[in-house]
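Asks: The sequence shown runs 3 to 115 under our numbering.
Just so it is clear, CB atoms sit at the ideal spot from N, CA and C, and this is done for glycine as well.
Predicted model, so just to flag it, every value in this text is computed and none were measured.
Below is one structure. I have some questions about it.
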Amino acid sequence: MNFKKEPFFDGNSEWEDLGNGVSRQFVGYNSQVMMVIVKFEKDAIGTLHQHFHSQITYFASGKFEVTVDGETKILQKGDGFFAQPNIFHGVKCLEAGQLIDSFTPFREDFLKD
């Protein structure tokens, strides 16, 4: 496994285009934790999904309709949510913005082989 070992993040890391108006940038990770910036264009969707990781998301900018465990709210800059393992969650971007996602353990499925 190739972990990101640089101690600093300067914002110039490569963005990975995930399609449909969503892209991500890795801040840092090891086997215990991962932080990712996710950029959404207006009307882009983070499909309702679940995974075994704990996830904390902070809204750095934009406005989103967010569903966590069947409850839906409008969240924007300065807001956040916590998704327990295996809880369904997803977002719809109402105004273009960026989320900061933290996962534990790291999302091995995000890494290219």
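Compare the Cα-Cα distances from residue 89 to each of 58, 113 and 38 and report the closest residue.
Replies: Out of 58, 113 and 38, 58 has the C-alpha closest to the C-alpha of residue 89.
Asks: Which residues mark the beginning and the end of the beta strand (DSSP E) in which residue 66 is found?
Replies: Per DSSP, residue 66 belongs to the beta strand (DSSP E) from 65-70.
Asks: Beta-carbon within less than 6 Å of residue 17's beta-carbon, same chain only, minus the 5 sequence neighbours each way: which residues are those?
Replies: Closer than 6 Å at Cβ, skipping near neighbours: 25 and 27.
Asks: With 16 other CB atoms within 10 Å as the buried threshold, where does residue 45 fall?
Replies: The residue in question, residue 45, is exposed, as its Cβ has fewer than 16 Cβ neighbours within 10 Å.
Asks: Between which two residues does the beta strand (DSSP E) harbouring residue 47 extend?
Replies: Residues 47-51.
Asks: Residue 81 by DSSP, collapsed to three states: which one?
Replies: Coil at residue 81, not helix or strand.
Asks: Tell me whether residue 72 is buried or exposed, calling it buried when 16 or more other Cβ atoms sit within 10 Å of its Cβ.
Replies: Exposed.
Asks: How far does the beta strand (DSSP E) with residue 28 in it extend, from its first residue to its last?
Replies: Here the beta strand (DSSP E) through residue 28 covers 24-31.
Asks: Out of curiosity, what's the CA-to-CA distance linking residue 51 and residue 92?
Replies: Computed Cα separation, rounded: 6 Å.
Asks: Check residue 3 in the structure and name its three-state DSSP category.
Replies: Here residue 3 scores only 48 on pLDDT, less than 50, and its place in the model is too uncertain to base an answer on.
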